[in-house]
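Asks: In this note's numbering, the protein residues as written are 2 to 611. Even for Gly, the Cβ is constructed at its ideal location relative to N, Cα and C. Small disclaimer: the values here were computed from a predicted structure and weren't measured. The structure follows.
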Ligand code: ADP
């Protein structure tokens with residue numbers, strides 16, 4: 002069997018937690034990059050701006066220092082004081098350095114306290130290039146990070162006279178940059194908050210319909226195709242939900258059709274009296290109807306099991322093998338349930354789409370009753386032939402004897418003719434009993450036995466009248482007892498014939514001087530007519546077959562008494578045709594009691610014809 006599909010639990014909103022953090026990461030990343038780049042650009046801008054201003058300061062200072070150095074009367078102290086005042090006015094630190102690196106004036110520090118500046122990077126660069134030199138570094142003199150710009154001064158012979166330098170601490174720029182950066186960060190945080198909110202809404206908007214569809218699809222997978230998926234979202238998702246709903250509809254109607262067909266098929270199989278058994282290629286049972294289960298004495302749990310596990314009957318297993326080996330349909334007759342069930346089996350191989358071999362189909366038809374009837378018929382024909390042969394042979398023998406000359410011997414001829422007449426009577430009796438039996442059977446089968454309500458006392462009186470002469474002849478006392486108001490639905494002439502047969506037998510098989518009683522009484526739901534004799538009785542091993550056709554306990558005695566062996570069979574069929582039952586109890590040497598039970602179906606008394 003294929004693995005059953007188990008829906009995975011939807012944890013909260015899986016898709017949401019995949020989309021939302023991604024949104025957040027991208028937007029936060031973009032914000033951080035733009036914040037970093039903005040800060041960097043601002044810093045570069047401010048620094049470049051500062052350098053530009055320091056260059057202007059240097060250029061101006063160079064002109065003044067050039068003039069100043071060109072004048073031989075100028076004193077260094079004057080230079081220092083001018084630098085000081087210029088520095089104060091511009092807020093820029095100004096320094097004048099000689100070519101050997103000695104500082105001769107500085108706006109922020111006394112030159113004599115200052116180191117040799119020859120190796121300062123900006124000084125070095127300015128001397129090297131003959132143009133602006135610049136550097137950003139920590140100033141040991143003032144103890145802060147500063148920006149430096151230096152410009153060399155040459156005399157007319159292009160000899161280096163001095164280097165002027167302008168510098169400014171970058172801490173104030175850094176302060177401005179920090180405050181700007183903080184503002185940008187605040188803006189970025191606000192934007193991040195807004196973006197988070199928007200991302201959350203967007204992620205929800207994207208994930209929600211997909212979650213709804215996932216839940217819907219899982220529902221469909223579990224077999225609940227009745228509830229539809231409803232989505233408000235992008236057109237594509239709505240179209241997808243529509244397509245899934247249509248698919249569910251289609252599946253639903255197909256399932257319904259399949260279910261209907263399966264139910265119809267099951268109903269047909271259930272209603273069949275023939276057993277139907279389908280097995281697959283591996284010999285496992287794939288279908289079996291109740292009739293088949295009954296025949297094989299198995300249960301629905303046998304479905305899916307190997308046929309060899311279920312069927313113990315070697316004949317049937319051999320038949321299945323034969324079906325599997327033969328392309329053509331196979332037929333046979335098999336005995337099941339230890340011979341109590343005769344089954345006609347038909348088997349054919351099953352082929353699916355594209356001629357694929359699927360297994361085999363067996364149909365089992367219970368023919369037990371058919372067989373029984375066939376046996377009865379065969380037995381009956383044999384019995385009839387046998388019964389007729391004796392009188393016919395005798396008749397033929399006597400006629401031949403007469404023809405051979407016995408006709409002249411009048412005395413013997415008369416005796417022969419009397420014997421022939423007796424045999425003819427016997428033939429007549431057998432034939433009329435056979436005809437009577439077949440007429441009753443036909444009426445019984447066609448349900449055309451005419452029934453009317455009548456008094457049973459009338460019936461007993463009539464039977465006694467018919468049998469009295471024979472009883473008297475055999476010196477048997479015939480007694481009858483029946484309440485005058487007892488009535489029953491019956492076919493009076495047939496029932497009279499049946500009771501006559503019983504009384505006749507009772508007289509035949511009783512000894513002279515004994516009594517035969519015909520009693521009718523009412524039980525709870527039946528009316529019982531019973532004939533009791535004190536005759537020879539019947540051995541118990543004969544009782545079960547006593548009502549069969551041509552069955553006799555003592556053949557010779559029956560024949561001597563002119564019996565046909567059909568009397569009790571006629572009784573049984575007459576009674577059955579009227580919805581009743583017959584039976585017998587007997588003891589050898591003590592007598593027998595034959596009884597007929599008729600169902601009580603009485604109508605109100607006023608409707609009874611008197
Ligand atoms: P038959 O024509 O031989 O009497 P029945 O069908 O009437 O045929 O009876 C079948 C057999 O049952 C008889 O041959 C007889 O052996 C036995 N039988 C029937 N009635 C009695 C009875 N009252 N007492 C003893 N045997 C009986």
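For residue 353, I'd like the list of residues in its chain whose CB is within less than 7 Å of its CB, leaving aside the five on either flank, ordered along the chain.
Replies: Contacts found: 359.
Asks: Where does residue 537 fall in DSSP's three states?
Replies: Three-state DSSP puts residue 537 in coil, outside helix and strand.
Asks: Skipping 5 residues on each side, what residues in its chain have a beta carbon closer than 6 Å to that of residue 87?
Replies: Cβ within range, chain order: 95.
Asks: Taking only runs that begin and end inside the segment 67-133, name each unbroken beta strand (DSSP E) of 3 or more residues, in chain order.
Replies: Qualifying beta strand (DSSP E) stretches, in chain order: 94-98, 104-107.
Asks: For chain C, check one thing: does any of its Cβ atoms lie closer than 8 Å to the Cβ of residue 179?
Replies: Annotation note: the requested chain C is absent from the structure, which comprises a single protein chain.
Asks: Write down the C-beta distance between residue 189 and residue 69 rounded to the nearest angstrom, noting that I regard them as a contact closer than 8 Å.
Replies: The pair is not a contact, with the Cβ atoms about 52 Å apart (cut-off 8 Å).
Asks: Which of helix, strand or coil does DSSP assign to residue 487?
Replies: Reduced to three states, the DSSP call for residue 487 is coil.
Asks: Can you give the Cα-Cα distance for residue 72 and residue 66, rounded to whole angstroms?
Replies: Cα to Cα, residue 72 sits roughly 10 Å from residue 66.
Asks: Leaving out the 5 sequence neighbours to the left and right, which residues in its chain are closer than 8 Å to residue 524 when beta-carbon positions are compared?
Replies: Closer than 8 Å at Cβ, skipping near neighbours: 598.
Asks: Provide the residue(s) that pair with residue 155 in DSSP beta bridges, ordered along the chain.
Replies: 161, per the DSSP bridge assignment.
Asks: Have a look at residue 382 and residue 356 and give me their C-alpha separation to the nearest angstrom.
Replies: Their backbone Cα atoms lie some 50 Å apart in a straight line.
Asks: Within the chosen definition, does the segment 141-158 reach the segment 57-66 through at least 3 CB pairs nearer than 8 Å?
Replies: Yes, they touch.
Asks: My output table needs one value for residue 29: the three-state DSSP class, helix, strand or coil.
Replies: In this structure, residue 29 counts as helix in the three-state DSSP scheme.
Asks: Verify whether the separation of the beta carbon atoms of residue 496 and residue 579 is less than 8 Å.
Replies: In contact: residue 496 and residue 579 (Cβ atoms closer than 8 Å).
Asks: With which residues is residue 146 paired in a DSSP beta bridge?
Replies: BP columns for residue 146 point to 139.
Asks: I'd like to know whether the C-beta atoms of residue 98 and residue 124 end up nearer to each other than 8 Å.
Replies: Yes, they are a contact pair.
Asks: Please find out if some non-hydrogen atom of ligand 1 comes closer than 7 Å to the beta-carbon of residue 567.
Replies: Within the cutoff, so yes.
Asks: Can you check which of these residues, 227, 203, 262, 437, is closest to residue 235 by C-alpha distance?
Replies: It is 203.
Asks: With a threshold of 7 Å, establish whether the CB of residue 464 neighbours any heavy atom of ligand 1.
Replies: No, since every heavy atom of ligand 1 falls outside the 7 Å radius drawn around the Cβ of residue 464.
Asks: Locate the alpha helix (DSSP H) running through residue 582, then write down its first and last residues.
Replies: Element bounds for residue 582: not the alpha helix (DSSP H) but the beta strand (DSSP E), 582-588.
Asks: Check residue 184 in the structure and name its three-state DSSP category.
Replies: Residue 184 falls in the helix class under three-state DSSP.
Asks: For residue 12, collect the residues of the same chain with a Cβ closer than 6 Å to its Cβ; drop the 5 residues on either side in sequence, then sort them by chain order.
Replies: With a pLDDT of only 48 at residue 12, under 50, the local geometry of the prediction cannot be trusted, and the value read off the model is given with reservation. Result list for residue 12: empty, nothing under 6 Å.
Asks: Could you check which residue in 464, 225, 136 has the C-alpha nearest to that of residue 251?
Replies: If we check each option's Cα against that of residue 251, 225 comes out closest.
Asks: Quick one: residues in its chain with C-beta nearer than 7 Å to the C-beta of residue 104, no 5 flanking neighbours on either side, listed in chain order?
Replies: These residues qualify, in order along the chain: 96, 98, 112, 115, 118.
Asks: Kindly indicate which residue of 513, 494, 528, 464 has the alpha-carbon position closest to the one of residue 486.
Replies: Closest option to residue 486, Cα to Cα, is 528.
Asks: Just how far apart, CA to CA, sit residue 21 and residue 200?
Replies: Computed Cα separation, rounded: 6 Å.
Asks: Quick one: give me the first and last residue of the beta strand (DSSP E) that residue 595 is part of.
Replies: Counting along the chain, the beta strand (DSSP E) containing residue 595 begins and ends at 592-600.
Asks: Considering only DSSP beta bridges, list what residue 454 is partnered with.
Replies: For residue 454, which the question treats as bridged, DSSP gives the partners 490.
Asks: Return the chain-ordered list of same chain residues with a C-beta closer than 7 Å to the C-beta of residue 511, the five sequence neighbours on each side being excluded.
Replies: The answer, listed in chain order, is 477, 517, 534, 535, 536.
Asks: Taking DSSP's pairing of strands, which residues face residue 332 in a bridge?
Replies: Residue 332 pairs with 347.
Asks: If you count every other CB in all the chains shown that lies within 10 Å of the CB of residue 261, and 16 or more means buried, which is it?
Replies: Residue 261 is exposed by the Cβ-count criterion.
Asks: Can you tell me which of the three DSSP states residue 500 falls into?
Replies: Three-state result, residue 500: helix.
Asks: Quick one: does the C-beta of residue 539 sit closer than 7 Å to a heavy atom of ligand 1?
Replies: At least one heavy atom of ligand 1 is nearer than 7 Å to the Cβ of residue 539, so yes.
Asks: Is there at least one non-hydrogen atom of ligand 1 closer than 7 Å to the beta-carbon of residue 576?
Replies: Checking every heavy atom of ligand 1 against the Cβ of residue 576, none is found closer than 7 Å.
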